[in-house]
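**Student:**
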Amino acid sequence: MLTSEDKQDIAELVLQGLAVSLDKAAQQPHQLSAEELQWVRLAIEAESRKIRFRDAVIEKSLAGLAWSAIVGFGYILLDFGKNHGIKLI
Numbered sequence: 790m791l792t793s794e795d796k797q798d799i800a801e802l803v804l805q806g807l808a809v810s811l812d813k814a815a816q817q818p819h820q821l822s823a824e825e826l827q828w829v830r831l832a833i834e835a836e837s838r839k840i841r842f843r844d845a846v847i848e849k850s851l852a853g854l855a856w857s858a859i860v861g862f863g864y865i866l867l868d869f870g871k872n873h874g875i876k877l878i
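Offset between the sequence shown (1-based) and the working numbering: plus 789.
#1: Need the endpoints of the alpha helix (DSSP H) that S822 sits in, please.
#2: Please say whether L821 and V809 have beta carbons closer to each other than 9 Å?
#3: How many Å lie between N872 and K849 at the Cα?
#4: If you measure between the beta carbons of I799 and L791, is that distance less than 9 Å?
#5: What would DSSP say about K796, mapped onto helix, strand or coil?
Here's what the structure looks like:
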């Protein structure tokens, strides 16, 4: 059975190991190769296209919704006029 002192020692060893690993990782920055860099640029460009497409779809949908509301309101006015004997057209 582990005592609390043993658990404390294990925790300290794990923390020291993590600190050493993080220090080594910080000292050796990873440089992308030319192929990896090209892939990253293409991925960013593709994501940008997706975002622009999504924004265009949303914009067109909202414009269509606004036009349908205008046409619907006009139809309601014409129907109201016909039902009440008002000649609008």
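Glycine included, each C-beta is placed from N, C-alpha and C at the ideal position.
Values in this document were obtained by computation on a predicted structure and should not be read as measured data.
**Tutor:** This is what the structure holds:
#1: As a first step, residue 822 must be located in the sequence shown, where it is residue number 33. Note, S822: premise wrong, no alpha helix (DSSP H); not H, not E.
#2: Residue 809 sits at position 20 when you count from the first residue of the sequence shown. Residue 821 sits at position 32 when you count from the first residue of the sequence shown. No.
#3: By one-based count along the sequence shown, residue 872 stands at place 83. By one-based count along the sequence shown, residue 849 stands at place 60. Going by the C-alpha atoms only, they are around 34 Å apart.
#4: Counted from its first residue, the sequence shown places residue 799 at position 10. Counted from its first residue, the sequence shown places residue 791 at position 2. Their beta carbons are under 9 Å apart, which means I799 touches L791 by this criterion.
#5: Here residue 796 refers to the residue found at position 7 when the sequence shown is read from its first residue. Correct three-state label for K796: helix.
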